[in-house]
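Reviewing the structure listed below.
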Amino acid sequence: MWAYLMKSFVLAALAVVCSWWMTVESRAAAPDWLLDATPYKARVVQSGAEVTLDNGLIRRTIRTKNGCATVSFENRMTGEQMIRAIRPEAVVELDGVKYPVGGLTGQPIQNYLSPAWLATMTPLPSSFVLDSLEIGKTKARFEWMKRKEWMPVDMPWPPAGASLTLRFRAPDEGLGGDTRERKVLLADDFLKFDEQWKPSYSKAHDRTSFQNEGKTGEIYALANSFAFVERELPAGTQVVQCKIDRGTDRGASWGPGIVLVYPDRNVKFNLRIDHQTFGIGDAAAGKLEPSKPYTLRMTIASGNVLCEASLDGKTFERVGNVSVRGEPRAVRLGKTDPSGNANDYGSKDLGELGRCRYQDFQIFGEPLDTAAKVDSNVWVDVHYEIYDGIPLLSKWIVVRNTSAVNVQLNTFVAETLSLTEAESSVEPNPRWELPGLHVETDYAFLSMSIKGANAAVKLGSDPTYETQVNYDKKTPCLLECTPPVGPDQLLAPGATLESFRVFELAYDSTERERNSLALRRMYRTIAPWVTENPILMHVRSASPEAVRLAIDQCHEVGFEMVIMTFGSGFNYESRDPAYQQAIKELVDYAKYKGVALGGYSLLASRGAATGADNTQGVPARYGVMPCLGATWGTEYLAQLKRFMSTAGLSVLEHDGSYPGDRCAATNHPGHRGLGDSQWAQWRAITDLYKSCRATGVYLNIPDWYFLTGGNKTGMGYRETNWSLPREYQEIIERQNVFDGTWEKTPSMGWMMVPLTEYHGGGAAATIEPLKDHLPHYDNRMANLFGAGVQACYRGPRLYDTDATKLQVKKWVDFYKQHRPILDSDILHLRRADGRDLDYILHVNPTLKEKGLLMVYNPLPEIVTKTLTIPLYYTGLTDVAKVQGPAGAAQEYRLNRKFEIELPVTIPAQGYSWFVVE
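Going by full-length UniProt numbering, the sequence shown opens with residue 1, and the numbers climb by one from there.
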């Protein structure tokens with residue numbers, strides 16, 4: 001027994017040693033991109049019938065011959081395929097009709113995508129067709145004037161990488177319908193009744209007929225009853241069309257239409273008169289003019305039925321597509337149930353008697369000139385960028401109207417993926433595991449967290465995934481990136497519309513910290529202005545005396561920015577030249593002192609000058625909201641830009657900001673109505689923010705506008721907590737920082753340090769007089785500067801005595817000495833709970849100071865203990881040199897998990913820090 005145990009122990013030990021060596025060798029052979037990203041260079045390669053975007057971490061392959069679609073999206077870090085089925089490259093809705101951009105049909109099941117199936121898959125019918133492609137380099141989304149004095153290190157812009165543009169032309173049959181002349185297989189003008197038609201009539205009324213008062217083709221029937229004729233289709237049928245005059249018929253689902261009869265189903269296309277829409281099956285589609293006759297056309301091609309309608313019988317507009325199997329055997333004309341069959345709407349509520357008329361029925365075969373093509377008058381460019389050193393790509397579309405007429409872009413889907421499910425569950429699942437792909441767009445607002453702001457990203461169920469495990473087909477596995485409403489933009493001849501940007505970050509782990517590090521790396525890559533991290537003060541009064549005092553004190557201790565904050569009296573909206581000149585003099589004084597100066601402006605939750613310039617028709621998120629498409633709104637945004645330029649202001653603290661509110665007004669110059677109001681206002685606000693980035697104006701915005709130029713948002717806190725006793729605030733503050741930096745870098749979130757009373761609380765909650773609460777003031781700065789997080793120090797002054805001044809300067813000097821590592825990522829080691837030490841570790845393998853550990857003691861006694869500190873993300877492998885605030889550096893050997901055991905002694909209700917090299 002003993003020998004067996006010894007043998008087992010030896011084998012286990014060998015396994016551990018082998019595992020450790022494998023980890024070390026793996027890091028040497030294929031570096032962890034979070035430690036060394038340099039080997040992973042982005043490239044786009046065209047080969048044969050495919051083009052591939054690859055950087056060694058992710059690889060996306062797009063088929064470019066005989067149809068165009070993403071056929072593989074591989075996570076190369078894990079070896080996993082991220083898609084299970086093919087979707088179009090994009091979708092655009094033009095003039096009320098949806099068109100796929102690329103895409104393939106013919107995949108037998110959607111659980112997985114076998115490469116062997118691709119040979120038999122064909123382009124989606126009526127889809128935009130790939131015309132050409134272009135390979136290039138990444139380009140800046142907008143201009144960025146860097147403020148290097150606030151950055152720990154310089155950051156590249158644009159991020160290095162490669163680009164791909166796919167240019168799609170309109171469907172070969174054009175957007176106005178297929179105008180090619182076709183072979184006529186059958187025509188019936190209904191001057192007399194052809195016996196090939198087989199009638200089916202409801203018994204609900206004895207006058208129900210397809211021949212009313214001797215007129216063939218005129219139906220007389222109750223609104224919700226059936227009355228139709230049917231005949232076999234001739235061989236080679238490709239198009240069926242007929243003119244229908246609704247007359248006095250009031251049917252909706254039973255409205256007059258055309259039905260194609262397939263072996264396994266019917267496809268119905270009809271007029272839903274009272275609803276003023278068309279119908280495809282029992283679903284409403286498109287819009288119609290109820291008083292006019294329509295010619296309905298159904299085109300059969302490549303497993304789909306294309307439904308189109310025309311007022312003049314010449315120019316057709318698409319209403320929708322229906323996927324089918326096999327070939328239709330017959331056609332029905334008339335009134336049917338929603339499924340195209342002979343059923344009434346129950347025995348009651350059949351509606352009133354009405355008449356409708358069928359004319360000019362035709363069946364067409366193939367085009368007479370099969371080589372003829374139509375002009376491509378609208379183009380869709382699908383853009384990709386893939387970046388060096390990070391498993392990230394971006395995607396967006398540009399719609400170009402090269403026709404001679406206006407085109408309405410109702411909406412679009414910039415990205416859609418049939419993602420491999422992360423979990424299968426037969427029953428309903430209240431907490432699904434989600435695919436390991438983080439997706440967000442720059443169409444974001446309303447929240448200080450991406451989870452609440454990510455308005456255009458939808459991860460939902462895929463009802464076409466018939467063979468999934470979940471009985472109700474509710475597995476979250478279909479990604480669509482589309483505006484929640486609109487954009488509903490009218491594109492004039494020669495006009496273009498660029499969509500929002502989609503960013504897709506592949507995770508290589510389910511570990512929260514590692515995925516968080518990847519996310520934070522993404523923000524530094526695609527929004528590097530978030531690394532600007534000025535030390536700032538909120539001055540409570542905008543009087544020249546108060547502002548000069550704040551500037552002087554900031555200069556003395558090394559603060560870098562003063563913001564004339566809410567309640568200060570500063571007015572960005574003033575057009576008074578004397579006032580603007582006075583502010584400019586303060587700006588010039590601040591610049592002389594090496595301090596940036598700016599101010600606060602409220603946007604959301606306040607009204608415009610007149611109620612008519614507020615958003616209309618839809619409740620505002622904060623009760624009231626100026627419409628940025630109204631006259632007042634456009635002038636307000638222009639005024640901010642003018643004042644910043646005239647006075648040289650370096651900061652805009654923009655409260656609100658635009659939260660996504662819609663407006664139904666039709667007389668605002670910046671938008672036409674409800675459908676385009678959100679898009680127009682988002683464009684207006686982000687154009688302002690992009691101009692601020694181009695001119696170096698720092699943006700404090702309590703909303704997730706990072707990808708369109710924002711520098712900083714709230715870290716995440718409850719303002720009334722600053723009315724709590726001071727000792728409570730210290731621990732809650734560290735909790736806020738700990739929690740907020742899971743999705744933010746330290747520089748992306750601000751905290752608050754109200755130096756005077758704020759939201760009540762009295763003397764127990766207030767730091768002023770500062771000299772009387774130096775230990776607390778010191779701990780607050782240790783919390784924040786130690787985390788690399790800048791707070792809004794709100795008050796009339798930063799210090800009131802020389803001792804206070806020395807304490808503030810101590811922490812500013814500490815931060816500036818260690819700025820690169822303090823602005824680096826935080827590892828979340830132990831969250832503050834008031835029961836024991838809490839601590840965080842900054843890590844950056846590219847620096848000399850590869851780590852900085854902050855340890856806090858909330859207890860009333862000294863604590864001595866040994867902490868296990870993970871150093872993997874410092875990049876160290878064998879030995880770490882650790883130095884505290886006093887004393888020489890000591891060496892510690894890393895164990896096989898890249899950890900060290902660090903003994904610490906932390907003073908009562910105090911802190912300490914340790915630099916790791």
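Yeah, the Cβ is synthetic: ideal placement off N, Cα and C, and Gly gets one too. These numbers come from a predicted model, not from an experiment.
Supposed contact pair residue j and residue i - C-beta distance, whole angstroms, cut 8 Å
i: Pro845; j: Ala787; result: Contact flag wrong, Cβ pair sits at about 20 Å.
i: Phe706; j: Met748; result: 7 Å
i: Thr557; j: Leu798; result: In the sequence under discussion, the amino acid at residue 557 is Val, which differs from the Thr named in the question. 6 Å between Cβ atoms; contact.
i: Pro528; j: Trp157; result: 6 Å
i: Gln238; j: Glu366; result: 6 Å
i: Glu480; j: Thr411; result: The Cβ separation is near 11 Å, so there is no contact.
i: residue 920; j: Thr336; result: Residue 920 lies beyond the stretch modelled for the chain, which goes from 1 to 917, so this question has no answer here.
beta-carbon residue i near the ligand NAP non-hydrogen atom, thresh 7 Å
i: Phe814; result: In the structure shown, the ligand NAP is absent, as is every other ligand, since no ligand is present at all.
C-alpha distance - residue i paired with residue j, whole-angstrom precision
i: Leu393; j: Val618; result: 36 Å
i: Pro754; j: Val651; result: 20 Å
i: Ser72; j: Arg60; result: 6 Å
i: Ala518; j: Asn711; result: 19 Å
i: Lys183; j: Glu232; result: 18 Å
i: Lys584; j: Lys148; result: 23 Å
i: Trp21; j: Leu829; result: Low per-residue confidence applies at Trp21: pLDDT is 43, beneath 50, and the placement is therefore not dependable enough to give any value.
i: Thr23; j: Val92; result: Reliability of the predicted coordinates at Thr23 is poor, the pLDDT of 44 falling under 50, and the value obtained from them is presented with this limitation in mind. Taking the straight line from one Cα to the other gives about 47 Å.
i: Tyr99; j: Ala456; result: 19 Å
i: Asn155; j: Ala140; result: Note that residue 155 corresponds to Met in the displayed sequence, not to Asn. Taking the straight line joining both Cα atoms gives about 13 Å.
i: Val17; j: Leu894; result: Because Val17 carries a pLDDT of 41, less than 50, the predicted location of this residue cannot be relied on, and no value is offered for it.
i: Asn779; j: Lys146; result: 32 Å
i: Tyr523; j: Val530; result: 8 Å
i: Thr496; j: Gly675; result: 18 Å
i: Val916; j: Leu853; result: 8 Å
i: Val399; j: Val129; result: 14 Å
i: Leu824; j: His842; result: One detail in the question is off: residue 824 reads as Ser in this sequence, not Leu. Rounded to whole angstroms, Ser824 to His842 spans 6 Å at the Cα level.
i: Leu14; j: Thr868; result: Because the pLDDT at Leu14 is just 46, under 50, the model does not fix this residue reliably, and the value given afterwards should be weighed accordingly. One C-alpha to the other measures close to 24 Å.
i: Arg318; j: Glu289; result: 15 Å
i: Ser310; j: Arg662; result: 33 Å
i: Asp687; j: Arg606; result: 21 Å
i: Gln909; j: Val44; result: 56 Å
i: Thr866; j: Tyr839; result: 12 Å
i: Ile900; j: Met564; result: 46 Å
i: Asp698; j: Cys692; result: What sits at residue 698 in the sequence shown is Tyr, not Asp. Roughly 7 Å between the two C-alpha positions.
i: Gly795; j: Leu784; result: 17 Å
i: Gly161; j: Arg84; result: 27 Å
i: Val812; j: Trp379; result: 55 Å
i: Leu350; j: Asp206; result: 14 Å
i: Gln790; j: Ser323; result: 56 Å
Beta-carbon contacts of residue i that lie in its chain and below 6 Å, excluding the five residues immediately before and after
i: Ala301; result: Pro125
i: Thr634; result: Gly670
i: Phe898; result: Leu871 and Tyr872
i: Ala764; result: Pro725
i: Ser723; result: His759, Gly760, Gly761 and Ala765
i: Tyr911; result: Ala782 and Tyr856
Beta-carbon contacts of residue i that lie in its chain and below 7 Å, excluding the five residues immediately before and after
i: Met1; result: Note that Met1 has pLDDT 45, beneath the 50 cutoff, so the model's placement of it is unreliable and the number below is only indicative. Within the same chain, Met1 has no close Cβ partners at all.
i: Gly313; result: Lys243 and Thr295
i: Ser461; result: Lys473, Lys474, Thr475, Pro476 and Leu478
i: Thr631; result: Asp613 and Pro669
Sequence-distant residues of its chain with Cβ nearer than 8 Å to residue i (five each side left out)
i: Ser447; result: Ala453, Asp703 and Trp704
i: Thr510; result: Gly436
i: Pro820; result: Pro152, Val153, Asn844, Leu847 and Glu849
i: Leu649; result: Ile583, Val587, Leu597, Gly598, Gly599, Phe643 and Val697
To test your reading of the DSSP string, which unbroken alpha helix (DSSP H) runs of 4 or more residues are found completely within the segment 693 to 762? Correct list: 726 to 740.
Would you be able to state if there are at least three C-beta pairs under 8 Å between the segment 620 to 632 and the segment 576 to 594? The segment 576 to 594 makes no contact with the segment 620 to 632, as fewer than three CB pairs between them are under 8 Å.
At which residue ranges does the segment 833 to 865 contain complete beta strand (DSSP E) runs of 3 or more residues, listed in the order of the chain? Listed in chain order, they are 838 to 843 and 851 to 856.
Starting from the N-terminal side, write out each stretch of the alpha helix (DSSP H) that is 4 residues or longer and does not extend beyond the segment 517 to 589. The segment 517 to 589 contains these whole alpha helix (DSSP H) runs: 544 to 557.
Report yes or no: do the segment 486 to 497 and the segment 455 to 474 share at least 3 C-beta pairs separated by less than 8 Å? No contact exists between the segment 486 to 497 and the segment 455 to 474.
If we require 4 or more residues per run, which alpha helix (DSSP H) segments fall completely within the segment 165 to 225? Annotation: the segment 165 to 225 contains no complete segment of the alpha helix (DSSP H) (minimum length 4 residues).
Inter-stretch contact at 8 Å, needing at least 3 Cβ pairs: the segment 247 to 262 / the segment 216 to 235: The segment 247 to 262 is in contact with the segment 216 to 235.
Considering only residues of the segment 881 to 915, which uninterrupted beta strand (DSSP E) runs meet the minimum length of 3 residues and lie entirely inside it, listed in chain order? Contiguous beta strand (DSSP E) elements confined to the segment 881 to 915 occur at 890 to 893 and 899 to 906, taking only those with 3 or more residues.
The segment 195 to 202 touching the segment 80 to 91, judged by at least three CB pairs closer than 8 Å: The segment 80 to 91 and the segment 195 to 202 do not touch, with fewer than three beta-carbon pairs separated by less than 8 Å.
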